[in-house]
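Letter by letter, the sequence shown follows residues 605 to 1074 of our numbering.
Note that the Cβ used here is the ideal one computed from N, Cα and C, for glycine as well.
A quick note: this is a predicted structure, and the numbers were derived from the prediction, not measured.
Below is one structure; the comments refer to it alone.
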Amino acid sequence: MAETEYDAIVLGGGPGGYVCAIRLAQLGVKTLCVEEEEFGGVCLNWGCIPSKALIANAHFVEKSKHIADHGIAVSGVSVDVGKMQTWKNGIIKKLTGGVRGLVKSNGGTTLDGRGKLIANDTVEVTLKDGSKQVVKAKKAIVVATGSATIQVPGFEFDGKKIIGAREAVSLQQIPKRLVVIGGGVIGLELGMVYQSFGSQLTVVEMTNNLLPGIDPDCVKVVEKTLTKRGATVLKGARAEKYENNPDGSVSVIVTVDGKQQKVEADVVLVAVGMKPRGKGIGLEELGVTVDQRGFVPTNEYCETNVKGIFAIGDVSGAPMLAHKASKEGEVAAEVIAGHHAGKDWVTIPGIVFTDPEVATVGITEAQAKEQGLTAKTGKFPFSVLGRAMSIGETEGFVKVVTDTKSGRVLGIHIVGPNASDLISEGALALETVATAEDLALTIHPHPTLGESLMEAAAASIGKAVHMMNR
Ligand SMILES: Cc1cc2nc3c(=O)[nH]c(=O)nc-3n(C[C@H](O)[C@H](O)[C@H](O)COP(=O)(O)OP(=O)(O)OC[C@H]3O[C@@H](n4cnc5c(N)ncnc54)[C@H](O)[C@@H]3O)c2cc1C
């Protein structure tokens, strides 16, 4: 007989849910983790990891195009899409199997099926064969159901010509002409991948800016690379509908400045964001607040308005990022196990894995102004950094925003090589309430890209050495 009573039930096995289940089990809480599709969630199956595998390959291709000046001749670079997909799928399999194994080896139980709350302490699970199993949670239920792709009216997915990110990471052919609807993080990351593999790229963005919310100076550098590589970027542009052409391609009708134009495409990637999956799982029936968009609001302990029902990850609110989901998973687990824990972080770093990468933590100079703070910015360009020159990646800069009164670092914004790795130092600086002087006085090994953080911090307090102080 299958076990039917647990201390805690986690609904969803993504980076929020599986981390929560592992931590609960480690803390001695008898835990069941229910997953409808595959452990690892969006992140491991078709989000963070698969996209980054393809992005890494795109970097190799780009590198091969620009290395002749260094005296390295590379010829005959080609992309074997089938092999690449097999390689990428191998990574996914290893990771998803690994996390399922970790839940179990820590003492948790996994169940494959779709869960729905039918009482404050009860979940009904529809198993893969259609049968139902009812399980009870004595202490808590954690909703970690994540998010799903938003569809645009008129561009319903057909899985071939009109696709979302899920299909885009598994294409078996490089589209000759790719139209990306949405100039946000996912659209630009995946658009640039296929651009490097040879697609003629058009980005259609409804607002007047790519990567809304990101430091505009950083965005400019990415946009310059995009267009230098031949992409057409249509801003303030609305994708209205598409027409099928006799040769199997489509014409996308786009309105820009009140005028309609046709953009020809073999594949259209719709990347306008993700919507939380808080509806249809029994929450509202139990009095749990679910907002209009489908988010499930929580307090600092990750608990919803109904005692004993928790929500974490994408479903609980922005930013929709894997590391935020996992951290909330740990917090919820510790609270349920009776430990002191809470959402007490200072900052959540964000990364855009475009080429070059953008990574940010904390606030921008403009946001500092809005908050009534007086801030000074120190900016250090990679073009004058020895390490950046020696790896042939001199595009971009590090910008440190410093509070002039306290000297505290308020934000760090990086566009350039390995920005995704460099930003962790920035996150630590903000979490530890470091001053720009702390960063500037910390000896950074030479020659490294990390020296750019030290120099930018020094520049923000007028003490830069390797460039003129302003
Ligand atoms: C293309 C792409 C690239 C991305 N890249 C990054 C990146 O580089 N870095 C980053 O931080 N974030 C990235 N993200 C976002 C990241 O994937 C999400 O923030 C993260 O996966 C959220 O984790 P989660 O556990 O909240 O939800 P999810 O990963 O969505 O997992 C939820 C799980 O719950 C399951 N589920 C849903 N409903 C039920 C139910 N009723 N019963 C049982 N199971 C259910 C789902 O099947 C799913 O497995 C990317 C997203 C996409 C689409």
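| query | result |
| --- | --- |
| By Cβ distance, which residues of its chain are closer than 7 Å to GLY802, with the 5 residues on each side in sequence left out? | ILE778 |
| Per DSSP, GLN865 forms a beta bridge with which residues? | VAL858 |
| Where does MET605 fall in DSSP's three states? | Unreliable placement is indicated for MET605, whose pLDDT of 44 sits below 50; the coordinate value is still reported in the next sentence. Coil. |
| Rounded to whole angstroms, what's the CA-CA distance from PRO1021 to MET1072? Just pull it up for me. | 23 Å |
| Taking 8 Å as the cut-off, is the beta-carbon of LEU873 closer than that to any non-hydrogen atom of ligand 1? | no |
| Any idea if ILE885 is buried or exposed, counting beta-carbon neighbours within 10 angstroms, 16 or more meaning buried? | buried |
| Alpha carbon to alpha carbon, what distance is there between VAL867 and GLU844? | 11 Å |
| Taking DSSP as the reference, what is the three-state secondary structure of ASP1007? | strand |
| Is the beta carbon of SER1064 closer than 9 Å to that of GLY1000? | no |
| Among residues of its own chain, excluding the 5 on either side of LYS780, which ones have a beta-carbon nearer than 7 Å to its beta-carbon? | SER803, GLN804, ASP870 |
| What runs of the alpha helix (DSSP H), each 4 residues or longer, lie entirely inside the region 642-727? | 645-649, 652-670, 685-709 |
| Between ASN693 and ligand 1, is there a pair consisting of the residue's CB and a ligand heavy atom that are separated by less than 8 Å? | no |
| Skipping 5 residues on each side, what residues in its chain have a beta carbon closer than 6 Å to that of LEU628? | ALA612, THR635, ALA937 |
| Report back the beta-carbon spacing between GLU1035 and GLY1054 to the nearest angstrom; my notes put them in contact at under 8 Å. | Actually they do not touch by this definition, with Cβ atoms about 17 Å apart. |
| When the Cα of LEU794 is compared with those of GLU932, HIS663, GLU888, which residue comes out closest? | HIS663 |
| Looking at the unbroken beta strand (DSSP E) that takes in CYS637, where does it start and where does it end? | 635-639 |
| Thinking just about the alpha-carbon of each residue, which of ASP851, GLU847, VAL876 is nearest to the one in GLN865? | GLU847 |
| Among GLY990, ASN903, THR893, which has the Cα closest to the Cα of ASP948? | ASN903 |
| Quick check: what's the CA-CA separation for ASP1007 versus LEU1043? | 14 Å |
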